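A quick write-up on the structure given underneath.
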Amino acid sequence: MSVEGTWDLSISTPIGEIKAVVELLCQGGVLTGVAHGAGEEVPLSDVTLDGDRLTWRQAVTKPMRLNLTFAVTVAGNTLTGTSKAGRLPASKVTGHRRAIRAATEH
């Protein structure tokens with residue numbers, strides 16, 4: 002199963018809902034990615050796909066400095082799971098893959 006593409010995420014945290022965008026790409030058999038949100042762009046690390054289970058780590062500085070660990074299950078163009086920041090309670094994560102737009106002729 003391919004998880005490549007652009008994913009719109011919603012993370013339900015104790016301080017409210019946070020929206021983020023994650024871009025996943027497979028290069029040379031290695032899954033890589035970058036996350037965009039709260040005015041910053043951060044690389045993903047330890048991106049792993051095992052069956053339908055996708056995990057990754059990322060560091061953020063907004064709204065506060067945190068190291069996050071994501072563990073989600075991918076089903077087609079949707080994903081559900083959790084994001085965890087250290088000792089803080091896990092936050093619910095949901096996401097949808099953006100549809101690929103057909104190239105228009107010029």
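Position in the sequence shown (first residue = 1) + 1 = the numbering used here. Don't be surprised by glycine CBs; every beta carbon is placed ideally from N, CA and C. Fair warning: this is a prediction, and the values are worked out from it, not measured in the lab.
Query	Result
From the DSSP output, in three-state form, read off Val4 for me.	coil
Please go through the same chain and pick out, in chain order, the residues whose beta-carbon is closer than 6 angstroms to the beta-carbon of Thr95, but skip the five residues on each side of it.	Ser11 and Thr81
Please state whether DSSP places Leu89 in a helix, a strand or coil.	coil
For His107, which residues of its own chain have a beta-carbon under 8 angstroms away from its beta-carbon, when the five flanking residues on both sides are left out?	Residue confidence for His107 is low, a pLDDT of 48 falling below 50, so the modelled location carries little weight and cannot support an answer.
Exposed or buried, Gln28, counting other C-beta atoms within 10 Å across all chains shown (16 or more means buried)?	exposed
Distance cutoff 9 angstroms, beta carbons only. Does Gly87 sit that close to anything in chain C?	Absent here is chain C; the protein component of the structure consists of one chain.
Here's a check: name, in chain order, each residue in its chain whose Cβ is nearer than 6 angstroms to the Cβ of Ile19, leaving out the five neighbours to either side.	Ile12
How long is the line joining the alpha carbons of Ala91 and Ile16, rounded to whole angstroms?	13 angstroms
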